[in-house]
Amino acid sequence: MELLCIRQWISGLLPTVKKWLSAWCIKPVGGALVRQEPEYILLALMGSPLKKIMLCSSEKEIFSVEEQVMVQHSVIINNMIEDGSYNHEESKIPLDCVDSKTLKKVIDYCTHHTHHHNDNQEDLEAWDAQFLNVDSNGLYDLLMAANYLEIRNLLDLIYGTIKNMIKGKKIDEIRRIFNIKDHGFTPEEEEQNRKEYPHFY
Amino acid sequence: MAMDTFPCSSKRPCPSSSQEQNNARVVQGLDHVEQVLHKFLCLDDDDSTSSSPSPSSPCSSISLDLSLEKLLESSASDADRTVLIDRALRMGSMLLDAAKHSSRKRASKHNSLAWPLPPDLTIKVFSMLETQSLCHASATCSLFNKCAKDPLCYANLDLTSRVPKINNSVVSTMIQRAGNALRSLKLGVIPCATPLPGSCQPLVYTNRNSIVEVSNFSWNDKRSRQGRESSILTRSCLSPLSRDGGAPGILLRKLYLYNIERMDNASLGQALSACPSLLDLEIVGLHVELRQTLMSVSANCHSIERLCFESSKTGRDDSLKTQTCLELVDNCPHLTSLSLRGFKLHDYKIRVLVKGFQKLKYVDFSTSYSITGSFLRSLGSCMGGNLLEVLILRDCMHLKEVEVARFLTAILAGDFKFLLRLDISNKEGLASEGDWYHRCFNSSIMPVKQVLEARPDINLVAEYPAEGSYNDSFDTDMNSEISLPSQLSSHNSDRSIFLSTSESSYNSDQGSGNEDGQDASYVIYEESSDEIDFLSL
Chain A
1 MELLCIRQWI
11 SGLLPTVKKW
21 LSAWCIKPVG
31 GALVRQEPEY
41 ILLALMGSPL
51 KKIMLCSSEK
61 EIFSVEEQVM
71 VQHSVIINNM
81 IEDGSYNHEE
91 SKIPLDCVDS
101 KTLKKVIDYC
111 THHTHHHNDN
121 QEDLEAWDAQ
131 FLNVDSNGLY
141 DLLMAANYLE
151 IRNLLDLIYG
161 TIKNMIKGKK
171 IDEIRRIFNI
181 KDHGFTPEEE
191 EQNRKEYPHF
201 Y
Chain B
1 MAMDTFPCSS
11 KRPCPSSSQE
21 QNNARVVQGL
31 DHVEQVLHKF
41 LCLDDDDSTS
51 SSPSPSSPCS
61 SISLDLSLEK
71 LLESSASDAD
81 RTVLIDRALR
91 MGSMLLDAAK
101 HSSRKRASKH
111 NSLAWPLPPD
121 LTIKVFSMLE
131 TQSLCHASAT
141 CSLFNKCAKD
151 PLCYANLDLT
161 SRVPKINNSV
171 VSTMIQRAGN
181 ALRSLKLGVI
191 PCATPLPGSC
201 QPLVYTNRNS
211 IVEVSNFSWN
221 DKRSRQGRES
231 SILTRSCLSP
241 LSRDGGAPGI
251 LLRKLYLYNI
261 ERMDNASLGQ
271 ALSACPSLLD
281 LEIVGLHVEL
291 RQTLMSVSAN
301 CHSIERLCFE
311 SSKTGRDDSL
321 KTQTCLELVD
331 NCPHLTSLSL
341 RGFKLHDYKI
351 RVLVKGFQKL
361 KYVDFSTSYS
371 ITGSFLRSLG
381 SCMGGNLLEV
391 LILRDCMHLK
401 EVEVARFLTA
411 ILAGDFKFLL
421 RLDISNKEGL
431 ASEGDWYHRC
441 FNSSIMPVKQ
451 VLEARPDINL
461 VAEYPAEGSY
471 NDSFDTDMNS
481 EISLPSQLSS
491 HNSDRSIFLS
501 TSESSYNSDQ
511 GSGNEDGQDA
521 SYVIYEESSD
531 EIDFLSL
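Listed in order, the protein sequences are those of chains A and B. Residue numbers 1 to 201, in this note's numbering, belong to the letters of the first sequence in order. Residue numbers 1 to 537, in this note's numbering, belong to the letters of the second sequence in order.
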């Protein structure tokens, strides 16, 4: 009951707070938000609008990033903060599976999408295309990082890109694009392939 | 030569051959067998150890041939020769296998570096690919091959092709791989590139047309042979749906079948009985009876939302019975989209369907025979008909102009509020009231323009042969294959149409070819009440 009243009070307060913060060029976001309860938004925005958290890459490099940015996109980080297992003053979140270069890119993505959420679709798509203009290793690293951090929209984006690289291509072309060598089949596998897909050979 | 000491191998490192200076480093530390192997493999590099007659020529199959011959000649007995040859064959084949194995290992290692994604992410990517690309990816390397066998990759199978080339075993393998992850299956032969959704071009495909195109398709394949697997789909191509306790069919949502020549009523019925969750069924060009198919759907697929049938015998399937319609309406209440093309349909049966499905929004009876359009009467005002959003009645031979006019007038009166698309085109014009053989399209009777103005939200398509073909005075663009009598208006004593606008250019045609001499510009439309009673069942 108390919580309900508090929520209502905060909801009432929210438009005013949003107005303040827009003066500071901070746009409230929706859509990609992981948590949307009003008290959460308020706390996140009010406590310190530029509240930062620290992410530590596998190379022990520390990246400071706005909490709301990461929390909106990464389910894992959001859960960590929600659980209270993360202490703002002292701890950093260790991400041993992600190297610095990739982490930087991921942070870049999340930050851009948070701040430019209200841009039109074409601009966002153009930015995304530019963002993914990396070599294939970079792409795979990004995919694995996004998978680890559970960043849904980045995951979908990269899956879509890789899928389009394969789609519609013949066997040799796929090998060339992904630098995959032939001779990977045992004779039994080879025979089975020929039997199963005679029309594709 | 050291041939007779081959089987024994010493584990002690042997001193390197003094002749091969550049290979000294390599040879040191190798076992005896490895050394010999190394020497053998370096044969073409090294002139001095080569046994070929000319030292400068590279080691080729010819020189190995000669060497072996020489060796055999120098053998003591015939038995020795046999032994030598056997050994050569055996060692040669072992070396070949070993080299292939090593090559595979190296390639796999290279590939796992080139593609560092773990299997679960790889499978996720593959599950987004359509079937053809999946098969290509699967054939690129061993790693992809393994990942591509995961059931998730086979959830949506598209096994259609432009010419017959997929056979039962391919279908069976894929359905089996999918297991209960199978959600949609498209199978058969589609002659054109992509069937456009809502397109009215017939997709029915006849082998006669395409026999020239198919390279390895022979008429012999059509006759079943003992023990020989057919290279095309046979009647039991869908039986994998029922296997494994029916697991693949249980959650199947979409089933699209195109031009499978040998499919028959019984096998289709059996397939449908394995698909209780079916939502979307599309059948084009199968030699199955409409009534039996609808009965199978009625009996098994109670969740069905879309039915699209196109007959393989245009106009000759007259099997639909009222009872079937009633059962279908009772058992499949969720139907929102119904297409029956190329069948012989009667108005009163169709009316059962169109009125009976409470959620029906999309109706397509293109190229149907026997329907005159009277099923449309008084449809808009009651439940079951007025939710219609799309109505397509293209090229229905017996569709009467008066019925269409009546329908358009009902729209003008405010019925069919949700209608968004109406297609009443006919490449031979509409049927006149008296004799369907007489074709006509009289825009003074059919308020097409008025509907376009009053209801701009409706996409109204009413394409008929050029107005000029009705009128002798117009020479341009005459449709020569359509010879139409120049009857402009159909009117009986108790029924006629009111023309509200006169800016239409069609007006100039009024009466000019009509031998009856009546001026058809202004007449009054009345609906007679006895027509409605006829429709009550």
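Even glycine gets a Cβ: it sits at the ideal position worked out from N, Cα and C.
- prompt: When you check each C-beta in the stretch 106-122 of chain B against every C-beta of chain A, which residues fall closer than 7 Å?
  reply: A107, S108, H110, N111, A114, W115, P116, L117, L121
query: At a Cβ threshold of 8 Å, is V171/B touching chain A?
result: no
message: For S93/B, count the other beta carbons within 10 Å of its own beta carbon; 16 or more makes it buried, fewer makes it exposed. Which is it?
response: exposed
message: For V538/B, count the other beta carbons within 10 Å of its own beta carbon; 16 or more makes it buried, fewer makes it exposed. Which is it?
response: Residue 538/B is absent from the structure shown; chain B starts at 1 and stops at 537.
field: Identity of the residues DSSP links to V284/B by a beta bridge
entry: Y258/B, E310/B
query: Among residues of its own chain, excluding the 5 on either side of Y154/B, which ones have a beta-carbon nearer than 7 Å to its beta-carbon?
result: M174, R177, A178, A181, L182
message: Tell me which residues share the same chain as T122/B and place their Cβ nearer than 7 Å to its Cβ, disregarding the 5 neighbours each side in the sequence.
response: C147
- prompt: By DSSP, does L149/A sit in helix, in strand, or in coil?
  reply: helix
field: Contact list for the stretch 141-154 of chain B against chain A, Cβ threshold 8 Å
entry: C141, S142, L143, F144, N145
- request: Kindly say whether L143/A, judged by its beta-carbon, lies nearer than 8 Å to any beta-carbon of chain B.
  value: yes
- request: Please decide whether A98/B counts as near chain A, where near means a Cβ-Cβ distance under 8 Å.
  value: no
task: Would you mind sorting E503/B into buried or exposed? The rule is 16 or more other CB atoms within 10 Å of its CB.
output: Annotation note: pLDDT 34 at E503/B (below 50); position unreliable, coordinate value reported separately. E503/B comes out exposed.
- prompt: What number of angstroms, rounded off, separates the C-alpha of Y109/A from the C-alpha of L154/A?
  reply: 8 Å
field: Cβ of E189/A within 8 Å of any chain B Cβ
entry: yes
task: Please compile the residues from chain A whose C-beta is within a distance smaller than 7 Å of the C-beta of K124/B.
output: Y159
task: Scan the stretch 162-185 of chain A for residues whose Cβ lies nearer than 9 Å to a Cβ of chain B and list them as they occur along the chain.
output: I162, K163, I166, K167, G168, K169, K170, I171, D172, E173, I174, R175, F178, N179, I180, K181, D182, H183, G184, F185
query: By how many angstroms is the C-alpha of S85/A removed from the C-alpha of K104/A?
result: 23 Å
message: Determine, for M446/B, whether the minimum Cβ-Cβ distance to residues of chain A falls below 8 Å.
response: no
query: Looking at the unbroken beta strand (DSSP E) that takes in D423/B, where does it start and where does it end?
result: 421-423
message: So with CB distances below 9 Å, who are the chain A contacts of L129/B?
response: K163, I166, K167
- request: Name the residue from I171/A, L149/A, H112/A, K51/A whose alpha carbon lies nearest to the alpha carbon of S57/A.
  value: L149/A
query: In chain B, which residues lie less than 8 Å from N147/A when you measure between Cβ atoms?
result: L121
- request: Just list the beta strand (DSSP E) runs in the stretch 87-162 of chain B, keeping only unbroken ones of 3 residues or longer that don't cross its boundaries, in chain order.
  value: 156-161
task: Could you spell out where the alpha helix (DSSP H) holding M397/B opens and where it closes?
output: Looking at the DSSP string, M397/B is not in any alpha helix (DSSP H), and its letter there is neither H nor E.
Candidates L376/B, D65/B, L233/B: closest to Y258/B by CA position: L233/B
query: In angstroms, rounded to a whole number, what distance separates the CA positions of R394/B and N426/B?
result: 6 Å
message: For V461/B, count the other beta carbons within 10 Å of its own beta carbon; 16 or more makes it buried, fewer makes it exposed. Which is it?
response: exposed
Secondary structure of D431/B, DSSP reduced to three states: In the sequence on display, residue 431/B carries Ala and not Asp. Here A431/B sits in strand by DSSP.
- request: At 7 Å on the CB atoms, spell out the chain B contacts of Y140/A, in chain order.
  value: P116, L117
Contacts around L412/B, its chain only, beta-carbon distance under 7 Å, and the 5 residues preceding and following it disregarded: P447, Q450, V451, A454
- request: Would you identify the three-state DSSP class for E188/A, choosing helix, strand or coil?
  value: helix
- prompt: Do the stretch 97-112 of chain B and the stretch 131-138 of chain A touch if we need at least three Cβ pairs shorter than 8 Å?
  reply: no
- request: Output yes if chain B places a C-beta closer than 8 Å to the C-beta of N193/A; else output no.
  value: yes
- prompt: Nearest chain A C-beta to S443/B closer than 8 Å, yes or no?
  reply: no
- request: For I283/B, count neighbouring Cβ atoms within 10 angstroms of its own Cβ and tell me buried if that reaches 16, exposed if not.
  value: buried
- prompt: Among the residues of its own chain, which have a CB less than 6 Å from the CB of L281/B, if the five just before and after it don't count?
  reply: L255, L307
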